Structure formats: C-alpha cells, structure tokens
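Below is one structure, written out as structure tokens, with a few remarks after it.
Residue numbers (our numbering): 15 to 61.
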C-alpha cells in the first residue's frame, strides 16, 4: 500500500475538465506506478 500521497479537494486546475501539464504528468505517473488508469475528468479533476 502506498501512503505517500493525499487528495487535495480544493484544487480544480482552472475549472471542470480543464487540464494542465502538471495534471497530465500526475496521471501518467500514477498509471505507471499503480497500473491503474484514472479518468481525466472525474477522478483527477479535484472539485
């Protein structure tokens, strides 16, 4: 189990379904580390 991450509920990356290079990098890193593909809109956009 990985315990070196947190969920920041106050960070929205500029609005619903917006993407940034940082968000794309996080998604890629998460998939590589955990072999789990996150949905770019619903699971990675913190509302």
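We treat Cβ as the ideally placed atom computed from N, Cα and C, and that holds for glycine. Model, not experiment: these values are computed from the prediction.
Since residue i is in the alpha helix (DSSP H), which residue starts that stretch and which ends it?
i, result
"residue 42", "35-48"
Could you pull out every residue in the same chain whose Cβ sits closer than 8 Å to the Cβ of residue i, ignoring the five residues on either side in sequence?
i, result
"residue 45", "51 and 52"
"residue 33", "27 and 54"
Pick from the options: whose alpha carbon is nearest that of residue i?
i, options, result
"residue 40", "16, 54 and 29", "54"
CB-CB under 7 Å to residue i, same chain, minus the five flanking residues each way: which ones, in chain order?
i, result
"residue 18", "none"
Looking only at its chain, what residues have a beta carbon closer than 6 Å to the beta carbon of residue i, apart from the 5 residues adjacent to it on each side?
i, result
"residue 24", "none"
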